[in-house]
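>
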Amino acid sequence: MGKAEASEVEERPKWDNKVQYLLTCIGFAVGLGNVWRFPYLCQIHGGGAFLIPYLIALVFEGIPLLYLELAIGQRLRKSSIGVWNSISPLLGGVGIASMIVSFLVSLFYNTIMAWVIWYFFHSFQNPLPWSQCPLNDNHTGYNEECEKSTPVNYFWYRETLNITPNIETSASLQWWLVVCLATAWSVLFICFIKGIDSVGKAVYVTATFPYLVLTIFLIRGLTLTGASDGLLYLFTPKWEKLKNPQVWLDAATQIFFSLSVAFGGLISFSSYNSERNNCERDAVLVGVINSATSLYASIPIFSILGFKATSALNICINENILSLTNHFEISDQNITLDNYEQWYDHLTNLYPDRVAGLGLKECNLQTFLDQSASGTGLAFIIFTEAVIEMPGSQVWALLFFIMLFSLGLSSMFGNIEGVLTPMRDLGIIPKCIPNEVSTAIICAISFLVGLIFTMGSGNYWVEVFNGYVGSVPLLIVALFEIIGVIYIRGMKTFSEDIYFMTGSKPNIYWKACWMVISPVMLLVVLVAYVVLQAGKHPVYPAWNPASPNFPATEETPYPDWVFAIIVLLCSVPVISIPLVALYKLICCLNKRRAPGNYPNAYNNDGFEVET
43 MGKAEASEVE ERPKWDNKVQ YLLTCIGFAV GLGNVWRFPY LCQIHGGGAF
93 LIPYLIALVF EGIPLLYLEL AIGQRLRKSS IGVWNSISPL LGGVGIASMI
143 VSFLVSLFYN TIMAWVIWYF FHSFQNPLPW SQCPLNDNHT GYNEECEKST
193 PVNYFWYRET LNITPNIETS ASLQWWLVVC LATAWSVLFI CFIKGIDSVG
243 KAVYVTATFP YLVLTIFLIR GLTLTGASDG LLYLFTPKWE KLKNPQVWLD
293 AATQIFFSLS VAFGGLISFS SYNSERNNCE RDAVLVGVIN SATSLYASIP
343 IFSILGFKAT SALNICINEN ILSLTNHFEI SDQNITLDNY EQWYDHLTNL
393 YPDRVAGLGL KECNLQTFLD QSASGTGLAF IIFTEAVIEM PGSQVWALLF
443 FIMLFSLGLS SMFGNIEGVL TPMRDLGIIP KCIPNEVSTA IICAISFLVG
493 LIFTMGSGNY WVEVFNGYVG SVPLLIVALF EIIGVIYIRG MKTFSEDIYF
543 MTGSKPNIYW KACWMVISPV MLLVVLVAYV VLQAGKHPVY PAWNPASPNF
593 PATEETPYPD WVFAIIVLLC SVPVISIPLV ALYKLICCLN KRRAPGNYPN
643 AYNNDGFEVE T
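In the working numbering, the protein residues as written are 43 to 653.
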């Protein structure tokens with residue numbers, strides 16, 4: 043280690059204590075994705091069946107990569123850029139790829155934070171604005187669009203997003219979302235203004251408060267009618283779903299997105315550790331807590347989902363009962379929810395044509411469970427609907443959205459760390475510029491770019507970024523990380539690094555995962571993902587305002603220009619890996635050809651060394 047490197051290590055900031063570091067890593071890993079992305083994937087991929095590929099990916103892919111990042115960052119005590127340049131100049135592009143992915147993810151992630159702030163401001167109203175439909179323009183009745191759906195859906199799709207029919211119809215900037223987005227970036231700037239000094243103190247709240255609120259909602263959710271149906275829906279596996287390769291791909295990519303592996307932030311956080319810290323124990327602890335939190339958050343969500351589906355089922359049956367009693371002149375006290383099936387079968391046997399002519403709705407619990415809100419709607423529709431049913435609903439709404447904001451904020455700390463520190467290392471941000479100024483510049487630029495998500499089509503763009511930025515690029519970065527540490531730095535050297543830090547060398551499980559299992563899984567998932575995506579044109583759920591069942595969506599192919607943007611989002615972050623390697627090789631060859639250079643001035647890898 044040269045004098046310059048030694049000076050840099052000595053001047054590197056350090057965590058005040060081990061608790062700060064662990065809470066920061068847990069907060070970075072545990073985020074909004076645990077509340078809406080993981081439950082959503084469980085919902086669409088067969089409930090309990092999805093847990094099987096998820097746990098396999100966690101054990102053989104997620105935790106080993108998490109351990110690798112924490113260990114190499116702690117040993118070399120540098121950011122993602124410095125780590126990969128130290129291992130080999132050819133890998134310098136890996137750190138740049140991580141930096142770009144972190145930047146792109148932070149753009150749409152803070153948009154979700156803006157939505158949370160919007161709901162938080164409205165949680166002070168009594169009654170809550172999503173508890174009833176607004177009046178129409180003439181004040182002669184309720185808004186027709188809202189009456190076709192529910193007040194909760196209307197507030198989300200119209201009052202919050204003001205969503206357009208498709209991604210091509212952008213509409214104007216929604217001023218309320220612009221204000222909320224500016225607020226979200228301002229809060230992040232204030233918390234990050236002193237780097238890890240301020241972040242380390244903020245995580246005491248942001249990383250612990252969500253568990254308190256989740257526990258409260260868990261208790262409440264389990265007491266709701268229909269909660270057991272929702273939990274059965276979650277934990278009952280649909281084994282046929284495992285035949286679909288998309289399930290396995292989504293499980294693998296969810297591990298990366300959830301654990302925040304390959305973003306670069308974990309490498310930076312671990313570089314502030316003591317060199318003798320037990321990073322193996324940290325990796326296992328963070329990985330297990332993160333996945334356990336996903337399951338823990340899913341229980342109240344699916345309890346509430348079951349409650350919502352049961353309520354919809356009862357409403358459907360009551361409407362059918364009203365039609366039957368009016369048509370057959372039966373007392374409405376004779377047909378109830380409990381004996382509806384018997385009465386329906388009885389009347390159908392006696393008067394099949396008359397019953398068929400009534401156009402009764404098909405009331406099926408499984409259908410209502412399948413049709414429940416997905417994606418971000420799991421947080422902004424399912425939970426808000428449950429809050430209405432609670433006494434003192436304003437208090438519960440405030441607690442819930444403070445929890446969501448805490449989850450998102452702690453994750454954003456890692457994303458911004460994965461951008462700022464590499465930019466300083468690259469010299470893009472001169473080290474003479476104070477941390478406050480550089481943070482303000484990044485937050486301001488991010489806010490301006492993020493305005494695309496505040497338009498009427500903003501939600502569609504959030505889905506584009508969420509679906510493609512956090513998939514292929516992360517898989518490629520992680521693959522090169524393993525290659526760099528295990529096959530270029532070398533398994534023997536890395537084992538000695540771990541022995542130096544923890545006092546024991548990695549066991550056979552870690553070695554098998556790093557050398558064979560994890561890279562093979564990454565390669566298989568990457569190839570399968572590309573093959574599946576190449577075989578079809580990507581589609582998205584476009585809102586159909588003409589549908590009588592607001593807010594109905596229909597699968598619509600992305601326009602060609604949007605598809606081109608998707609390709610760019612997948613390729614731009616990782617194109618730096620071959621470009622940097624090619625640039626380094628060309629520089630090396632030019633130096634070799636220059637007069638006065640001799641072979642003994644280069645190491646075994648062909649790069650110049652001090653003589």
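Idealized CB from N, CA, C, for every residue including glycine.
1) Do you know offhand how far Cys612's Cα is from Thr598's?
2) Is the Cβ-Cβ distance between Ala139 and Ser618 less than 8 angstroms?
3) Just reading off the alpha helix (DSSP H) that Pro81 is part of, what are its end residues?
4) Is the beta carbon of Ser488 sitting closer than 8 angstroms to the one on Leu149?
5) When DSSP labels each residue in this structure, what does Thr598 get in the three-state scheme?
6) For the stretch 213 to 229 against the stretch 159 to 170, do three or more pairs of beta-carbon atoms, one drawn from each stretch, fall closer than 8 angstroms, so that the two count as touching?
7) Helix, strand or coil, according to DSSP, for Leu379 in the structure here?
8) For Ala486, which three-state DSSP category applies?
9) Which residues bound the beta strand (DSSP E) around Pro583?
10) Pairing CB atoms from the stretch 248 to 255 with CB atoms from the stretch 521 to 541, are three or more of them under 8 angstroms?
11) Per DSSP, what kind of secondary structure is Tyr393 in: helix, strand or coil?
12) How about Pro583 and Glu210: are their beta carbons less than 8 angstroms apart?
13) Going by other Cβ atoms of all chains shown within 10 Å of its Cβ, with 16 needed for buried, is Val519 buried or exposed?
14) Please report how far the alpha carbon of Ile235 lies from the alpha carbon of Leu411, in whole angstroms.
15) Given a cut-off of 8 angstroms on the beta-carbon distance, is the pair Lys280 and Ala91 in contact?
16) Would you report the Cα separation of Val562 and Ala606, rounded to the nearest angstrom?
17) Per DSSP, which residues does Tyr184 bridge with? Please list them.
18) Is the distance from the Cβ of Met543 to the Cβ of Arg117 below 8 angstroms?
19) Look up Leu215 in the DSSP assignment and give the residues it is bridged to.
20) Within a Cβ cutoff of 7 angstroms, which residues of the same chain sit near Ser165, ignoring the five residues on either side of it in sequence?
21) Apply the 10 Å Cβ neighbour rule to Arg635 and answer buried if 16 or more other Cβ atoms are within range, or exposed otherwise.
22) How would you write the range of the alpha helix (DSSP H) that Glu523 sits in, first residue to last?
23) Relative to the C-alpha of Lys553, which candidate in Tyr109, Tyr96, Pro55 and Leu451 has its C-alpha closest?
24) With DSSP run on the structure shown, which of helix, strand or coil describes Ala293?
25) Can you say whether Gln167 is buried or exposed, counting buried as having 16 or more other CB atoms within 10 angstroms of its CB?
26) Which one of Ile628, Val604, Ala334 and Cys67 has the shortest CA to CA distance from Val506?
27) Rounded to whole angstroms, what's the CA-CA distance from Pro171 to Tyr199? Just pull it up for me.
28) Please confirm whether Val461 and Met141 have their CB atoms less than 8 angstroms apart.
In short, the structure shows the following:
1) 21 angstroms
2) yes
3) Phe80 to Ile86
4) Ser488 places its beta carbon less than 8 angstroms from that of Leu149.
5) Judged by DSSP in its simplified three-state form, Thr598 adopts strand.
6) yes
7) coil
8) helix
9) Pro583 -> beta strand (DSSP E) spans Val581 to Trp585.
10) Taking 8 angstroms as the limit for Cβ pairs, the verdict is that the stretch 521 to 541 does not touch the stretch 248 to 255.
11) Under the three-state reduction of DSSP output, Tyr393 falls in the coil class, being neither helix nor strand.
12) No.
13) buried
14) 44 angstroms
15) yes
16) Near 29 angstroms, if we compare the C-alpha coordinates of Ala606 and Val562.
17) In the DSSP assignment, Tyr184 is bridged to Leu177.
18) Yes, these two residues count as a Cβ contact at 8 angstroms.
19) In DSSP, Leu215 forms a bridge with Met497.
20) Taken in chain order, the residues that qualify are Gln436, Ala439, Leu440 and Phe443.
21) Within 10 angstroms of the beta-carbon of Arg635 lie fewer than 16 other beta-carbons, which makes it exposed.
22) Note, Glu523: alpha helix (DSSP H), Val514 to Ile524.
23) Of the candidates Tyr109, Tyr96, Pro55 and Leu451, the one whose C-alpha sits nearest the C-alpha of Lys553 is Tyr109.
24) helix
25) Classification for Gln167: exposed.
26) Val604
27) Distance between the alpha carbons of Pro171 and Tyr199: 13 angstroms.
28) yes
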